Amino acid sequence: MRALVWHGTEDIRCDTVPDPKIEDDRDAIIKVTACAICGSDLHLYDHFMPGMEKGDVMGHEFMGEVVETGKGVDGALKKGERIVVPFTIICGECDQCKRGYFSVCERSNRNKDIADKAFGHTTAGLFGYTHLTGGYQGGQAEYVRVPFADKTHIKVPENLSDEQVLFLGDIFPTGWQAAVQADIQPTDTVAIWGAGPVGQMTIRSALLLGAKQVVCIDSVPERLEMARAGGATTIDNSEESVVERLNELTGGKGPEKCIDAVGMEAHSPRALEHAYDRVKQAVMLESDRASVLREMIYVCRPAGILSIPGVYGGLIDKVPMGALMNKGLTIRTGQTHVNRWTDDLVKRIDDGQIDPSFVITHRAKLDQGPEMYKTFRDKKDNCIKVVLRP
Amino acid sequence: MSEAMSQRRRSGDPDRSELPSYLVSDPRRRPDPATRELAQGLGWFSIGLGVTELACAGAIARWLGMPRSAPVIQAYGVRELLQGVGILGASDPTPWVSARVAGDALDIATVLPGLEGHNPRKDNVLIALVALAGVTAIDVICARSLSEAPLAPSERVRRDYRRRSGFRRRAEAMRGAARGFKPPLDIIGPEAMRPWTLTNA
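Residue numbers (the numbering used here), protein chains in the order written: chain A, 6 to 395; chain B, 6 to 206.
In structure tokens form, the structure reads like this:
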């Protein structure tokens, strides 16, 4: 089969690789009908995230048709059924899964030992996202093996198109969880850093959940344009001071809720801070750039909440712990517990409350994937979200 | 995607006069603001260093224990001045910052022989080399960021995202449409940590 394969920094190729096979009774094989490039795939493309090996198949946002099931799938899925696959692999049986904390499933990461060493305790296995999270082959391919398939799936109504439901596997529930865990109240101003795909979903979620004011911070004009379309007030951090503008929009009090939809590759608009982080990252004295976190901590209203859906992989530097502690801020973060939200979100799409396909700007064939990675990373051609068809 | 949205998307290019200004800007590279500022900083640094090298070439050469290098340092001062003016004056500073990287290599190659033989100022040469290595790292990062920056949208690119709300109705009308959603208490945090007015309402 054809698949997008990681070969090294900025080197992804469309290769022919062996077809996946059933390896466990609870496996299913999916024929992929649509897959997307996620912003967090770019951390692998740029090789900021450790743990990739040559030959790994990329992709964790995909959907398709069930073509084969193991004996243990036991009627939970049938051949021919159309499903979206959540990016977190879940067993459904461990203590964390039973509590609904699917992204920290205790059994699905087959490289638990590595994760235990890196994070203290293992988190869930993920598709196409390093050997730290299980080294599972990803979904930017013609076929995928889905482990624990009897639980790791989202069934979707036939009347909804692939593009309407594809993002249930990652960015839509990620934006939704980011907003939900911010505990949004009708009097709140919610500031969201990053107008990429997750930021766009977070804006819509915060608006639906009833925030008084949603503010989005970025510097890419077309992304800010899309953020405004979704009801956000925008701040172009290349043109204006984020702190001053947020204070202006909140009567000097700061936003009650701040959401980091950027993560480890943040670009500070302050040259000195950015140069500092880039140099430290280049000489491996820190792995992630924390400029968004610093700004959120500084500008957030005391007793406010910081929600962090943006992906971080390792160590950050110069976190203003004094401001964080003295302002009594609460941090809520984590990979998304996808299946916890998807029943509700499917209904919202089906009811016409939201159509997540608004974010798609580029459609291409799977073999154009390597080129689309570059287009997406470099924000060429106004690219915001890429969907690939095998 | 809803049929209505598909139809809108298929409806062709919007009238150019309605397009936001960024869609009709010129096709130069669009580095992020930090890279832009970093490049500017390097431009001013070049000018400062150039002036210093021109004015104090003899003193610098003696400090390095390489007194015969004074004319070379003066020539490098001229180079730094040209590069600084180029970076600050050009619409695209990328080639000028790349020239700085080449200049750094030249500087290192010039200073390196100071470590050989019986130079009594080897410690100073080492300090100079460490400083040069740091500046080179910053120059390389800046040159790379500039050359990888996306191109600003050209007139050929006419994507208009002003109608990409994802909602059937205008965004303002959707505010609070999911207000009935009951956030799970374990996700929004322990009850004890919620604002007092909410838990006691």
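The beta-carbon is built from N, C-alpha and C at its ideal position, and this holds for glycine as well. All values reported here derive from a predicted model rather than from experimental measurement.
Using the Cβ count rule (16 or more neighbours within 10 Å means buried), how would you classify B/I132?
exposed
Against chain A, which members of the region 176–205 of chain B pass a CB distance test of less than 9 Å?
A176, E177, M179, R180, G181, A182, A183, R184, F186, P188, P189, D191, I192, I193, G194, M198, R199, P200, L203
With C-beta atoms as the reference, is A/V297 less than 8 Å away from A/W198?
yes
When you compare the CB of A/K36 with every CB in chain B, is at least one pair closer than 8 Å?
no
Counting contacts by CB-CB distance shorter than 8 Å, is A/A234 in contact with chain B?
yes
Pick from A/V225, A/R283, A/I189, A/R382: whose alpha carbon is nearest that of A/I310?
A/I189
How should B/L43 be labelled, buried or exposed, when 16 other C-beta atoms within 10 angstroms of its C-beta is the threshold for buried?
buried
From A/F67, A/I313, A/H279, A/G85, pick the residue whose C-alpha is nearest to that of A/T207; which is it?
A/I313
Distance, Cα to Cα, A/N242 vs B/P125?
51 Å
B/L69 versus B/R199, B/R184, B/P118, residue with shortest Cα-Cα distance
B/P118
Is DSSP giving A/L214 helix, strand or coil here?
coil
Beta-carbon gap between A/T93 and A/A146 smaller than 8 Å
no
Using a cut-off of 7 Å between C-beta atoms, extract the partners of A/A276 located in chain B.
A39, E42, L43, G46
Quick one: which residues of the region 84–95 of chain B get their C-beta closer than 9 Å to a C-beta of chain A? List them in chain order.
none
Strictly below 7 Å CB to CB, what residues from chain B border A/I359?
G171, F172
Unbroken beta strand (DSSP E) runs of length 3 or more, entirely within the region 318–347 of chain A: which are they?
335–338
Under 8 Å, do A/A33 and A/L82 count as touching if we go by C-beta distance?
yes
Interfacial residues, the region 142–171 of chain A to chain B, with Cβ spacing under 9 Å:
S166, E168, Q169
Out of A/D46, A/C19, A/K156, A/G13, point me to the one whose CA is closest to A/P202's CA.
A/D46
According to DSSP, is A/I208 helix, strand or coil?
helix
Are any of the Cβ atoms in chain A nearer than 8 Å to that of B/R105?
no
Applying the 10 Å Cβ sphere with the 16-neighbour rule, what's the burial state of B/L47?
buried
Measuring only between beta-carbons, confirm whether B/A142 sits less than 8 Å from chain A.
yes
7 Å Cβ cut-off: residues of chain B touching A/M231
Y166, R169
Should A/N164 go down as buried or exposed, given a rule of 16 or more other Cβ atoms within 10 Å for buried?
exposed
Sequence-distant residues of the same chain with beta carbon closer than 8 Å to B/K127, five excluded per side:
G70, G119, L120
Quick check on A/M301: does DSSP put it in helix, strand or coil?
helix
Below 7 Å between beta carbons is the criterion; list the residues of the region 280–308 of chain A that meet it against any residue of chain B, in chain order.
A280, R283, V284, A287
Using a cut-off of 8 Å between C-beta atoms, extract the partners of B/P155 located in chain A.
D383, K384, K385
I need the DSSP call for A/F153, collapsed to helix, strand or coil.
coil
Which residues in the same chain have their Cβ closer than 7 Å to the Cβ of B/V140, if we skip the five residues on either side of it in sequence?
D109
If you reduce the DSSP assignment to three classes, tell me which class A/K385 lands in.
helix
Between which two residues does the alpha helix (DSSP H) containing A/V284 stretch?
276–287
For B/I52, which three-state DSSP category applies?
helix
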